[in-house]
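In my numbering, the protein residues as written are 156 to 802. The C-beta atom is built at its ideal place from N, Cα and C for all residues, glycine as well. Here's the structure we're looking at; comments come further down.
Take a look at the structure:
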């Protein structure tokens, strides 16, 4: 991909200075006529919406309005266009209840916190393939700064337990779908301040697709990130009853940033940046065979391989740790193969169920050198394998205004005890125009990461699985209500969480217990003049039983969006985001509370025939805060996206 992406990125960089001046001027001219009169064609669905009518990643059963028990948000293509050029982590940070600790511009590790849980408790999928890496020192969390939105069609966010279908989804699921559907071709370029440059291209035909994207952000002195990806897919219907789909993807990333706990750009004593490189390859095959009675057999096979190369300069001694952290060089290789078989009963108005089985095989190796000064290096290597067999079943039964939805999954890993994971939900429709309420409860487990089990210095092969109990109570108005509303009360209890014990000897142990309770809300409205308003938020309280304050768990978070059609076929999108106080810690500074931050982003769009132009201003008021200790909040930035597409 280097030979293809680099010249295009160089062209994007060369255009940057002229583009930023033009963007500032065009934004002022476009806003001058006002917003009172003209209306643009409205999309069929809101760009960001809470869904209860389509099949989503929360369950193996097709989801309907009567069966939507989880809080599911979908970020559609229209909303992603307004945020063109941003990383997946930056996009998810605009959603209430989701917190990323570092943005792509910092070059740091972008971990996602959902409902007070650890980042490793969120499953991230790309086209159905799980991205979580158990070789990570963060417990199989996914670095969202290594993912770009250039080839993304939509992002599904499932809050709460979804482990009947997606193993280890203790807190939720993020499912990223790459672009597909329809014939045609498209190409685009993104450019902006602070080193933003990106290119993308795709082509689609009858049953096939291919695309590539590249993006870079930041600078190599204080923080830099580069991502590249290419994907392809093919689908075919064999008669009326057999459908086959094949997808493949290859991606690589390079990130330069200050190490975790170093104090970042402002406080780090060692100015050498940590470098993280990764290459991933994945494939997926899905086969669906429909029965004459309306039932269906679904077969899915996926494979993922990931190679990583990380070189950390370490962290100098400081207030919190008089010894600091040594320099570490690590090479990782991870492989996962997964096969799943599901049988779905016929679409009956009262009862529908599915039964299935899953087999997963994992293999991970990590070769590390821990450098204590220039003359001594301590090897820290491990090689682990794991096989897991699972059985699952789900059923939905509807009687009148009541709907019962239950499921169970049995996980049987070869190196740990088997677990049974039940889930039960109940919904009741209140009548025409009155909405519905529902309640659910579910259990989930997550096996320790390979890093936690096998690392020769801090690993512990006796670690047990982590456990979670999730409970929810919600009310949702009808989807066609004037002011669609969803209000969710949630309560989560986590136990046996993996924690670090300083010893001696220092090692990872099962001891942490965490309680998270909160409320989430989602409200929207479409006005008669086609203005669209959204207001989402989350307020939570997270407590550890040992009194330890957990990082990056703000009590309050909200976002508000307003989409306005303008004269001359322009469209303006405004997004306000508020993130409450967060606790953080670094070696040079010790513990600190990061102040709350409220930002405003704006995007102006217009289509000129086959070309769509998007001009954006991130952090309009240049609010100055910190993402993490010593890592500045990204300041005001102008960005421009040009996309050419045939339909």
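Straight-line gap, residue i to residue j (C-alpha atoms, nearest Å)
i: residue 312; j: residue 293; result: 21 Å
i: residue 572; j: residue 216; result: 28 Å
i: residue 376; j: residue 755; result: 27 Å
i: residue 471; j: residue 785; result: 15 Å
i: residue 459; j: residue 387; result: 15 Å
i: residue 225; j: residue 636; result: 19 Å
i: residue 466; j: residue 426; result: 14 Å
i: residue 630; j: residue 588; result: 13 Å
i: residue 730; j: residue 719; result: 12 Å
i: residue 575; j: residue 277; result: 19 Å
i: residue 568; j: residue 516; result: 10 Å
i: residue 749; j: residue 391; result: 52 Å
i: residue 362; j: residue 338; result: 9 Å
i: residue 777; j: residue 645; result: 34 Å
i: residue 243; j: residue 303; result: 5 Å
i: residue 358; j: residue 365; result: 6 Å
i: residue 793; j: residue 605; result: 42 Å
i: residue 521; j: residue 482; result: 16 Å
i: residue 178; j: residue 775; result: The predicted position of residue 178 is uncertain, since its pLDDT is 36 and thus under 50; a value taken from the coordinates is nonetheless stated next. When rounded, the distance between both Cα atoms is 14 Å.
i: residue 798; j: residue 759; result: 14 Å
i: residue 400; j: residue 433; result: 27 Å
i: residue 560; j: residue 267; result: 29 Å
i: residue 771; j: residue 721; result: 16 Å
i: residue 342; j: residue 355; result: 6 Å
i: residue 640; j: residue 691; result: 10 Å
i: residue 489; j: residue 543; result: 16 Å
i: residue 270; j: residue 695; result: 7 Å
Residue environment, residue i, which counts as buried when at least 16 other CB atoms sit within 10 Å
i: residue 187; result: In this predicted model, residue 187 has a pLDDT of only 35, less than 50, meaning its place in the structure is not dependable enough to derive any value.
i: residue 253; result: buried
i: residue 610; result: buried
i: residue 323; result: buried
i: residue 655; result: exposed
i: residue 704; result: exposed
i: residue 805; result: Residue 805 lies beyond the residue range present for the chain, which begins at 156 and ends at 802; the question has no answer from this structure.
i: residue 684; result: exposed
Proximity of residue i and residue j at Cβ, strictly below 8 Å
i: residue 508; j: residue 556; result: no
i: residue 235; j: residue 227; result: no
i: residue 788; j: residue 779; result: yes
i: residue 822; j: residue 706; result: A question about residue 822 goes unanswered here, because the residues of the chain that appear run from 156 up to 802.
i: residue 124; j: residue 496; result: Given that the chain is displayed from residue 156 to residue 802, the structure contains no residue 124 and the question cannot be resolved.
i: residue 598; j: residue 624; result: yes
i: residue 333; j: residue 297; result: no
i: residue 111; j: residue 498; result: This structure cannot speak to residue 111, because the chain is shown only from 156 to 802.
i: residue 578; j: residue 316; result: yes
i: residue 713; j: residue 680; result: no
i: residue 620; j: residue 601; result: yes
i: residue 282; j: residue 404; result: yes
i: residue 864; j: residue 595; result: Here the chain covers residues 156 to 802 and nothing more, so residue 864 does not appear.
i: residue 255; j: residue 382; result: no
i: residue 524; j: residue 484; result: yes
Span of the beta strand (DSSP E) around residue i
i: residue 755; result: 752-763
i: residue 311; result: 307-314
i: residue 361; result: From DSSP, residue 361 is part of no beta strand (DSSP E); its letter is neither H nor E.
i: residue 476; result: That residue, residue 476, is in no beta strand (DSSP E); it is neither H nor E in DSSP.
i: residue 666; result: 662-681
i: residue 654; result: 640-656
i: residue 327; result: 327-333
i: residue 783; result: 781-783
Enclosing alpha helix (DSSP H) for residue i [first to last residue]
i: residue 418; result: Careful: residue 418 lies outside any alpha helix (DSSP H) and carries neither H nor E.
i: residue 264; result: No alpha helix (DSSP H) contains residue 264, which DSSP labels as neither H nor E.
i: residue 376; result: Counting along the chain, residue 376 falls outside any alpha helix (DSSP H), and DSSP gives it neither H nor E.
i: residue 256; result: Looking at the DSSP string, residue 256 is not in any alpha helix (DSSP H), and its letter there is neither H nor E.
i: residue 243; result: 243-247
i: residue 738; result: That residue, residue 738, is in no alpha helix (DSSP H); its beta strand (DSSP E) goes 737-741.
i: residue 235; result: 232-237
Any non-hydrogen atom of the ligand GTP within 7 Å of residue i CB
i: residue 605; result: By its list of ligands, the structure shown contains no ligand whatsoever, and the ligand GTP lies outside what it can speak to.
Opposing strand residues paired with residue i [DSSP bridges]
i: residue 794; result: 347 and 771
i: residue 499; result: 451 and 509
i: residue 578; result: 562 and 597
i: residue 625; result: 597 and 647
i: residue 480; result: 470
i: residue 690; result: 678 and 715
i: residue 519; result: 489 and 539
i: residue 410; result: 380 and 431
i: residue 733; result: 713 and 753
i: residue 269; result: 253
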